[in-house]
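First residue of the sequence shown? That's 1 in UniProt numbering, and the numbers climb one at a time after it.
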Amino acid sequence: MKNKFLKILVILLVILFLEIIVFFVLPYYQTNQLQDQFTLKIEMEKLNQEKEKKKLLDEFDKNKYLATGKNAYERIYNNKQSDIVGLIQELALEAFPNKWETEVKVEEFTNFILLVQFDVKSNEPAVTDIIKYLVPVLDHSGRYLKNVAIYNKKHQCYLFFDEDVLSKIVTNQNLSKNTINEARRKGEGFLRYNAIKIDFQVKNGHIFIPVTVIGEYGSYDTIMMLDTGASMTVISLELAQKTGYEDLNEISRRTFSTAKGLMSCPIVQREVIVGDIYKKQNVAVNLEDDSNLLGVDFFESREYIIDIPSKCIYAWNK
1 MKNKFLKILV ILLVILFLEI IVFFVLPYYQ TNQLQDQFTL KIEMEKLNQE KEKKKLLDEF
61 DKNKYLATGK NAYERIYNNK QSDIVGLIQE LALEAFPNKW ETEVKVEEFT NFILLVQFDV
121 KSNEPAVTDI IKYLVPVLDH SGRYLKNVAI YNKKHQCYLF FDEDVLSKIV TNQNLSKNTI
181 NEARRKGEGF LRYNAIKIDF QVKNGHIFIP VTVIGEYGSY DTIMMLDTGA SMTVISLELA
241 QKTGYEDLNE ISRRTFSTAK GLMSCPIVQR EVIVGDIYKK QNVAVNLEDD SNLLGVDFFE
301 SREYIIDIPS KCIYAWNK
């Protein structure tokens with residue numbers, strides 16, 4: 001009887017223990033489970049909101065981008081109207097191949113010229129290709145862009161499209177053979193951006209040019225007067241001694257006719273740099289005064305024009 005009572009007591013204790021576990025542990029577990037589900041739901045909502053936000057922002061950026069123009073050229077035009085040079089430059093960069101170089105210059109007030117240098121490592125492009133690249137540029141800058149110069153591998157202009165030719169390109173998107181030949185002829189005669197530019201100053205009606213003279217002893221920057229009547233460049237004794245160490249009494253001489261009569265000058269060799277033109281040549285040393293004269297011998301391998309109003313000399317290869 002006693003054993004039976006103990007068994008019943010043990011069973012009741014086990015049942016009580018299980019009820020305690022169910023009453024306390026199970027609600028805690030269920031609470032944590034519900035909390036985890038709620039947290040997961042919140043995170044999913046946040047993720048969906050971020051996705052929707054990104055979608056809306058992307059759509060906004062797309063609409064904003066397209067609102068400035070339906071293609072790249074219209075967008076450039078709409079964003080660059082207040083900067084004409086920037087407008088034409090951006091259009092050219094968009095239209096021409098990546099390795100081509102383009103530069104915009106102001107010629108006069110609202111007249112602009114586009115300088116185009118094709119890739120010097122490639123063959124000369126067909127004129128039809130150049131026209132194809134130009135069309136979108138002209139479509140969006142035609143009222144400003146008046147001239148286009150195309151340069152070859154030697155960095156010389158070989159095609160020059162003036163306003164009339166550009167108008168034909170816009171209208172026909174093509175050029176006749178005669179018009180192309182005329183553009184080539186004009187390119188050969190185009191000097192302003194096809195030549196080396198040398199700046200000068202005018203004093204008392206004479207032209208003075210910055211010159212660098214280099215000899216074995218060193219180099220020296222000086223100012224020379226351009227003398228178109230002088231057959232040879234002349235440097236002073238001081239300049240000769242600063243750039244070389246020749247014994248002037250032992251070297252060959254030449255006699256020149258001057259306003260003061262005949263003058264015998266030692267002849268030395270120097271490197272003469274004017275602007276971007278470099279030349280190694282013979283020069284005469286003036287033993288009588290300190291004048292330095294740049295003679296026409298410096299330009300003997302080039303054609304040149306002297307533009308007094310702009311105070312520039314334009315020189316190019318013959």
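Where is the CB? At the ideal position from N, CA and C, for every residue including glycine.
Candidates the options: closest to residue i by CA position
i	options	result
residue 344	Ile-207, Ser-231, Asn-98 and Val-116	A question about residue 344 goes unanswered here, because the residues of the chain that appear run from 1 up to 318.
Phe-299	Ser-291, Cys-312 and Lys-279	Lys-279
Val-104	Ile-131, Val-296, Val-135 and Ile-150	Ile-150
Asn-147	Met-44, Ala-126, Glu-108 and His-155	Glu-108
Phe-256	Ile-196, Ser-231 and Val-127	Ser-231
Asp-289	Ile-306, Glu-238, Thr-243 and Thr-110	Glu-238
Phe-200	Leu-248, Asn-48, Ile-305 and Asp-247	Ile-305
Thr-258	Asp-227, Leu-248 and Glu-124	Asp-227
Leu-114	Ile-11, Lys-99 and Glu-163	Glu-163
Arg-253	Phe-38, Ser-264 and Ile-207	Ser-264
Asp-297	Val-272, Asn-152 and Ser-291	Val-272
Asp-186	Ser-167, Asn-172, Gln-156 and Gln-173	According to the sequence provided, residue 186 is Lys. The question's Asp does not apply to it. Ranking the options by Cα distance to Lys-186, first place goes to Gln-156.
Thr-110	Phe-118, Val-85, Lys-99 and Glu-90	Val-85
CB of residue i within 7 Å of CB of residue j, strictly
i	j	result
Tyr-245	Tyr-217	yes
Gln-293	Ile-209	Reading off the sequence shown, one finds Leu at residue 293, where the question assumed Gln. Cβ distance not < 7 Å, so Leu-293 and Ile-209 don't count as in contact.
Ile-214	Gly-275	no
Ile-251	Pro-266	yes
Ala-92	Val-165	no
Ser-236	Asn-204	no
Leu-191	Tyr-314	yes
Phe-112	Val-120	no
Thr-222	Val-234	no
Arg-302	Asn-282	no
Ala-95	Tyr-133	yes
Ile-180	Val-127	yes
Ile-88	Ser-141	yes
Terminal residues of the beta strand (DSSP E) in which residue i lies
i	result
Asn-286	277 to 286
Ile-308	Here Ile-308 belongs to no beta strand (DSSP E), and DSSP marks it neither H nor E.
Leu-114	111 to 117
Asp-297	Taken as a continuous stretch (DSSP letters only), Asp-297 belongs to no beta strand (DSSP E), as it is neither H nor E.
Ser-257	253 to 258
Glu-124	Where Glu-124 is concerned, there is no enclosing beta strand (DSSP E), given that its DSSP letter is neither H nor E.
Limits of the alpha helix (DSSP H) - the one that residue i falls within
i	result
Ala-92	84 to 95
His-155	Note, His-155: premise wrong, no alpha helix (DSSP H); not H, not E.
Ser-291	Neither: Ser-291 is in no alpha helix (DSSP H) and is coded neither H nor E.
Ser-141	127 to 141
Ser-167	163 to 172
Distance between beta carbons of residue j and residue i, contact taken as under 8 Å
i	j	result
Val-202	Lys-311	7 Å
Ile-131	Leu-175	7 Å
Met-225	Ile-196	Going by Cβ atoms, the distance from Met-225 to Ile-196 rounds to 20 Å, so no, they are not a contact pair.
Asn-98	Glu-124	Not confirmed; about 18 Å, so no contact.
Checklist line | beta strand (DSSP E) segments (min. 3 residues) lying fully within the segment 174 to 242 | finding: DSSP runs (the beta strand (DSSP E)) wholly in the segment 174 to 242: 196 to 199, 201 to 203, 206 to 214, 219 to 226 and 234 to 236.
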